[in-house]
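A.B. asks: Under the UniProt record's numbering, think of the first position of the sequence shown as 1, with each following residue one higher.
No residue lacks a Cβ here, since even glycine has one placed at the ideal position from N, Cα and C.
Got a structure for you, written out below as structure tokens; questions coming shortly.
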Amino acid sequence: MSEPILVLADIHLGRKQHDAKKTGPGIDWALGALEQGAAAGSRHMVMLGDVIDRKRFTEDTYSEVTRFFARGLELFDDCFFISGNHDVHHDLSDVIPDGVAVASTEPQTMHAGQWALHTAAVAVDRDPRRLVGQFPAPIAGTPNLGLLHTSITGEYSNHDCLPCTAEELTACGYGAWLLGHVHQQITLAHDPFIGWVGMGKAYMAVDDGAQVRIENLATA
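Written out as structure tokens, the structure reads:
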């Protein structure tokens with residue numbers, strides 16, 4: 001069995017919590033989720049895109065991005081960042097601390113302990129690339145987790161982003177897929193699990209030795 005992975009997505013730092021139309025969970029929620037994930041046993045953390053908002057941000061927001069990842073590095077053995085469509089509007093190279101593993105925009109496998117994490121980062125807003133067919137094969141004898149900031153077939157999103165189908169994701173043969181981009185926690189399939197993490201929510205990926213289970217993290 002491998003140590004659990006905490007996965008967050010779409011926290012959109014910069015959005016005001018009191019803005020009814022464009023609200024975000026805020027930096028306090030994000031830091032609290034990291035604490036709760038570590039306390040629940042996660043040893044690895046993934047930020048699955050849109051750590052910062054495209055339009056609603058100030059110079060202080062960049063320091064919030066740094067605080068978020070810096071705290072992650074203190075709490076977890078590994079921290080990963082997979083850029084989303086909002087992130088590509090910013091140069092985050094100087095605000096993401098050394099030690100955070102930043103995914104490239106091409107399909108790849110990253111390693112977190114015994115986990116194999118298969119992913120590709122968004123390259124441009126409304127990224128039209130269909131990449132899933134190019135994703136690496138699962139690695140035998142280790143838990144495999146797919147991670148993608150995607151609109152899938154688009155019915156839950158205003159704009160396309162790394163489009164694909166649930167059937168294409170299933171065909172990769174991974175133990176589960178966790179998705180960013182859609183702000184609701186929507187499950188598309190259960191075996192293997194395919195679903196969006198959602199805004200203001202967090203998931204833990206758990207390897208029980210037989211399969212990859214996806215569990216909700218109760219956050220304040």
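#1: Cα separation between Y62 and E106?
#2: Using a Cβ-Cβ cutoff of less than 6 angstroms, which residues in the same chain neighbour G72 once the five nearest sequence positions on both sides are dropped?
#3: Tell me whether Y62 sits in a helix, a strand or coil according to DSSP, three-state version.
#4: Along the chain, where does the beta strand (DSSP E) containing A189 start, and where does it finish?
#5: Assuming residue 222 contacts G113 under a Cβ cut-off of 8 angstroms, what Cβ separation, rounded to an integer in Å, is found between them?
#6: Return yes when the Cβ of A205 is within less than 7 angstroms of the Cβ of V212, no when it is not.
#7: When we look at the beta-carbon of T119 and count the other beta-carbons within 10 Å, is it buried (16 or more) or exposed?
#8: When we look at the beta-carbon of G99 and count the other beta-carbons within 10 Å, is it buried (16 or more) or exposed?
#9: Following the continuous alpha helix (DSSP H) through I27, name the residue where it begins and the one where it ends.
#10: Are the segment 2-19 and the segment 160-177 in contact at 8 angstroms, needing three or more beta carbon pairs?
#11: Using the C-alpha atoms, what's the distance from A9 back to I27?
#12: Which stretch, first to last residue, makes up the alpha helix (DSSP H) that contains T153?
#13: I need the DSSP call for T215, collapsed to helix, strand or coil.
#14: So, helix, strand or coil for A20, using DSSP?
#15: Report the partner residues of A120 according to the DSSP bridge assignment.
#16: Is D191 near the ligand NAD, with its Cβ less than 6 angstroms from a heavy atom?
#17: Going straight from the alpha carbon of H159 to that of A140, what length do you get?
#18: Note down the Cα distance separating F68 from D94, rounded to an integer number of angstroms.
#19: Please work out which residues of its chain come closer than 7 angstroms, Cβ to Cβ, to G200, disregarding the five sequence neighbours upstream and downstream, and give them in chain order.
#20: Classify Q134 as helix, strand or coil using the three-state DSSP reduction.
#21: What are the residues that DSSP puts in a beta bridge with F80?
C.D. replies: Straight from the coordinates:
#1: 25 angstroms
#2: L34, M45, C79
#3: helix
#4: 187-190
#5: As displayed, the chain neither begins before 1 nor continues past 220, which places residue 222 out of reach and without an answer.
#6: yes
#7: buried
#8: exposed
#9: 26-39
#10: no
#11: Rounded to whole angstroms, the separation of the alpha carbons of A9 and I27 is 13 angstroms.
#12: Segment: none, T153 is in no alpha helix (DSSP H) and carries neither H nor E.
#13: One point to set straight first is that residue 215 is Glu, not Thr, in the sequence displayed. Strand.
#14: Summary for A20: the model assigns pLDDT 47, below 50, so the residue's position carries little reliability; its value from the coordinates is reported in the next sentence. Note: A20 maps to coil in three-state DSSP.
#15: L148
#16: The ligand NAD is not among the ligands present in this structure, which contains no ligands whatsoever.
#17: 35 angstroms
#18: 14 angstroms
#19: P25, W29
#20: Correct three-state label for Q134: helix.
#21: Under the DSSP definition of a beta bridge, F80 partners with V46, A101.
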